[in-house]
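Notes follow once the structure below has been shown.
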Amino acid sequence: MEGDKSEEGSKRRFSASAYAGYWRVIGVLLLTFVLIMLLSTPSMIFAKSITTIGAELSQSGAGDTFVRAKLDFGSNEHMQAFPRKIGNWRGSDYSKVAARLARVLHADVMLIRAYSNPKFYQPIFFLIVQSNNRSSFHPPIVCYPALGYEIEEVGKVEIPIRNASWVEEPLFTEPLNRTRIAEYKAITAKKLIVAKESPRGEITERRVVLYFYVNEKPVSQKVTMVRVSALAPIHGSCNDTLNMTAEFMSETIPYMFELKEEGPPIIYTLASSGMGKVAVVLILLFPALIIFYPEIHTLILNLKLRNRQVPP
């Protein structure tokens, strides 16, 4: 009888040890998944898509800003519903100009408006355009020379976004008293200063143009561009016009996007409370039990056999 029990225990130990490699692989994979989840942020897990604002048409710009789009840039209804009142600015549509420009830019969706402000003596022209064909899209640096303009200056400009939704939350709280709160968030836009000359070589028009691209990831063939432009003095500095266009662009951003806040990792949030710490321990303990299941199983069998062999 004792021999049968010993033989049964040996079979169970052999069965557990035979599958030990499988248990360890399953446990390690589960532990890896748990660590990835705990070290991730809620936005990384629940974000439906990744969108960036960048000055370049390519989707790998170093100055890109991660955002969430509030608008569907592929919907004409969403474009037409874009606010006509932005702060002290009042907008009016240029439907005929938009239709003509859409043909030039091979656009599928387009919005073009002129916004005026009593504070300034001239309007600002605002454009949102989306094309489903990246290869046929004409960026401003190509389009303006095709329209007879000479490019006088090319550069980049930081557009500050002074809005509460763009202020970062504290990373550390008291008593460390260290935060990463900023007064504003900034995006990078492309800057062009273009001029048109008469046949006699005299400058008849000068414009300041600011624009950026909305890039969807993974890679998409759609091209979405947001552009702001205004007439600048024919002679002298364009700084006043540049400041005006940058200020207007700054006010439009919160109507189109919200900042993609990463936030702290999930493990940081859980560990901030007592119950959360217990939950972290239990979550990590489960894959550890699977990894060491063969050893635990063998240990339990040995204890049972030893208790059976002890005479009453």
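Just so you know, the sequence shown maps onto residues 1 to 312 in my numbering. Just so you know, even glycine gets a beta-carbon here, dropped at the ideal spot from N, CA and C.
Nearest to E216 by CA position, among N132, N88, S40 and A99, is which residue? Stepping through the sequence shown from its first residue, residue 216 is reached at position 216. Per the Cα distances, N132.
Put E205 into one of helix, strand or coil per three-state DSSP. Residue mapping note: residue 205 aligns to position 205 of the sequence shown, counting from 1. In the structure shown, E205 sits in a strand (DSSP, three-state: E or B).
On the DSSP letters alone, give me the boundaries of the beta strand (DSSP E) that Y115 sits inside. Along the sequence shown, read from residue 1 onward, the residue named residue 115 stands at position 115. Start and end: V109 to S116.
Along the chain, where does the beta strand (DSSP E) containing E56 start, and where does it finish? Here residue 56 refers to the residue found at position 56 of the sequence shown. Neither: E56 is in no beta strand (DSSP E) and is coded neither H nor E.
Run through the DSSP bridge pairs and tell me what V223 is partnered with. By one-based count along the sequence shown, residue 223 stands at place 223. Answer by DSSP bridge pairing, in chain order: S131.
Outcome for F33 when other beta-carbon atoms lying within 10 angstroms are tallied against a minimum of 16: Taking the first residue of the sequence shown as 1, we reach residue 33 at position 33. Around the CB of F33, fewer than 16 other CB atoms lie within 10 Å, so the residue is classed as exposed.
Please classify E168: does DSSP put it in a helix, a strand, or coil? Counting from one through the sequence shown, the residue named residue 168 turns up at place 168. A caution first: E168 carries a pLDDT of 43, below 50, which makes its placement in the model unreliable, though a value can still be read off. Here E168 carries a coil assignment [DSSP, helix/strand/coil].
Can you look up G274 in the DSSP assignment and give me helix, strand or coil? Here residue 274 refers to the residue found at position 274 of the sequence shown. Here DSSP, grouped into helix, strand and coil, assigns G274 to helix.
Roughly how far, in whole angstroms, is the beta-carbon of F125 from the beta-carbon of A232, given that I think they are within contact range, below 8 Å? The residue given as residue 125 occupies position 125 in the sequence shown. The residue given as residue 232 occupies position 232 in the sequence shown. Not really, about 12 Å apart at Cβ, beyond 8 Å.
Can you tell me which of the three DSSP states N88 falls into? For this step, residue 88 is matched to residue 88 along the sequence shown. Assignment of N88 by DSSP, reduced to helix, strand and coil, places it in the coil class.
Helix, strand or coil, according to DSSP, for G236 in the structure here? In the sequence shown, residue 236 corresponds to position 236, counting from 1. Here G236 sits in coil by DSSP.
What residue range does the beta strand (DSSP E) around P140 cover? By one-based count along the sequence shown, residue 140 stands at place 140. Annotation for P140: no beta strand (DSSP E) segment contains it, though the alpha helix (DSSP H) segment containing it runs P140 to A146.
Relative to the C-alpha of M249, which candidate in A189, M79 and E197 has its C-alpha closest? Counted from its first residue, the sequence shown places residue 249 at position 249. Out of A189, M79 and E197, A189 has the C-alpha closest to the C-alpha of M249.
Nearest-angstrom Cα separation, counted from F66 out to L282: Start at 1 with the first residue of the sequence shown, and residue 282 comes out as number 282. Start at 1 with the first residue of the sequence shown, and residue 66 comes out as number 66. A straight line joining the alpha-carbon of L282 with that of F66 spans about 34 Å.
Buried or exposed: which applies to F257, given that a residue is buried once 16 or more other Cβ atoms fall within 10 Å of its Cβ? Looking up residue 257 in the sequence shown gives position 257. With 16 or more other Cβ atoms within 10 Å, it is buried.
Compute the distance between the beta-carbons of A99 and I112, then report whether it is under 7 Å. Residue mapping note: residue 99 aligns to position 99 of the sequence shown, counting from 1. Residue mapping note: residue 112 aligns to position 112 of the sequence shown, counting from 1. No. Outside cutoff.
Using alpha carbons as the reference points, say which of I291, L289, H78 and T224 lies closest to F137. One-based indexing of the sequence shown puts residue 137 at position 137. T224 is the residue among I291, L289, H78 and T224 whose C-alpha sits nearest the C-alpha of F137.
Among P140, P294, E150 and Y149, which residue has its Cα nearest to the Cα of I128? The residue you call residue 128 lines up with position 128 of the sequence shown. Nearest C-alpha to I128: P140.
Excluding five sequence neighbours on each side, which residues of the same chain lie with their C-beta closer than 7 Å to the C-beta of T204? Residue 204 sits at position 204 when you count from the first residue of the sequence shown. Result list for T204: K196, E197 and S198, in chain order.
So V226 and F212 are supposed to be a Cβ contact under 8 Å. How far apart are they, rounded? Translated into the one-based positions of the sequence shown, residue 226 becomes position 226. Translated into the one-based positions of the sequence shown, residue 212 becomes position 212. Indeed they touch by this definition, with Cβ atoms about 6 Å apart.
Report whether the distance from the Cβ of H297 to the nearest heavy atom of the ligand ATP is below 6 Å. This structure simply doesn't include the ligand ATP, nor any ligand for that matter.
Could you tell me the distance, in whole angstroms, from the CA atom of A55 to the CA atom of S75? Locating residue 55 in the sequence shown gives position 55, where the first residue counts as 1. Locating residue 75 in the sequence shown gives position 75, where the first residue counts as 1. Their backbone Cα atoms lie some 23 Å apart in a straight line.
Would you check if there are 3 or more beta carbon pairs closer than 8 Å linking the segment 234-250 to the segment 154-163? In short, these stretches touch, since the Cβ pair count reaches three.
Do you know how far the Cα of L29 is from the Cα of R306? If you number the sequence shown from 1, residue 306 lands on position 306. If you number the sequence shown from 1, residue 29 lands on position 29. Cα to Cα, R306 sits roughly 34 Å from L29.
Please report the straight-line C-alpha distance between I300 and A279, rounded to a whole angstrom. In the sequence shown, counting from the first residue as 1, residue 300 sits at position 300. In the sequence shown, counting from the first residue as 1, residue 279 sits at position 279. Linking I300 to A279 through their CA atoms gives a straight-line distance of about 26 Å.
Taking buried to mean at least 16 other C-beta atoms within 10 Å of its own C-beta, is D93 buried or exposed? One-based indexing of the sequence shown puts residue 93 at position 93. It counts as exposed.
Going along the chain, which residues of its own chain have a beta-carbon closer than 6 Å to the beta-carbon of G91, five neighbours each way excluded? Numbered from its first residue, the sequence shown carries residue 91 at position 91. Exclusion of the five residues before and after G91 leaves R84, R113 and Y115 as the residues of its chain whose Cβ lies within less than 6 Å of its Cβ.
On the three-state DSSP scale, how would you describe L289? Counting from one through the sequence shown, the residue named residue 289 turns up at place 289. DSSP places L289 within a helical segment (H, G or I) once states are collapsed to three.
Which residue from G201, E152 and T252 puts its Cα closest to that of V208? Taking the first residue of the sequence shown as 1, we reach residue 208 at position 208. Measuring from the Cα of V208, the nearest candidate turns out to be E152.
May I have the straight-line CA-CA distance separating K48 from I266, to the nearest angstrom? Start at 1 with the first residue of the sequence shown, and residue 48 comes out as number 48. Start at 1 with the first residue of the sequence shown, and residue 266 comes out as number 266. Caution is warranted here: a pLDDT of 49 is assigned to K48, below 50, making its placement in the model unreliable, and the coordinate value is therefore given only provisionally. Cα-Cα distance, rounded: 18 Å.
Going by CA-CA distance only, name the one from L289, T51, S40 and L38 that's closest to K222. Position 222 of the sequence shown, counted from the first residue, corresponds to residue 222. The residue with the shortest Cα to Cα distance from K222 is T51.
Please state whether DSSP places F257 in a helix, a strand or coil. As a working note, residue 257 is residue 257 in the sequence shown. Note: F257 maps to strand in three-state DSSP.
Starting from the Cα of K241, find the closest Cα among F120, Y22 and N88 and give me that residue. Taking the sequence shown and counting its residues from 1, one reaches residue 241 at position 241. Correcting the residue type first, residue 241 is Thr in the shown sequence and not Lys. Cα-wise, what sits closest to T241 is F120.
Leaving aside the five residues before and after L270 along the sequence, list all residues of the same chain whose C-beta is less than 8 Å from its C-beta, in chain order. Residue mapping note: residue 270 aligns to position 270 of the sequence shown, counting from 1. The residues are L38, G276, K277, A279 and V280.
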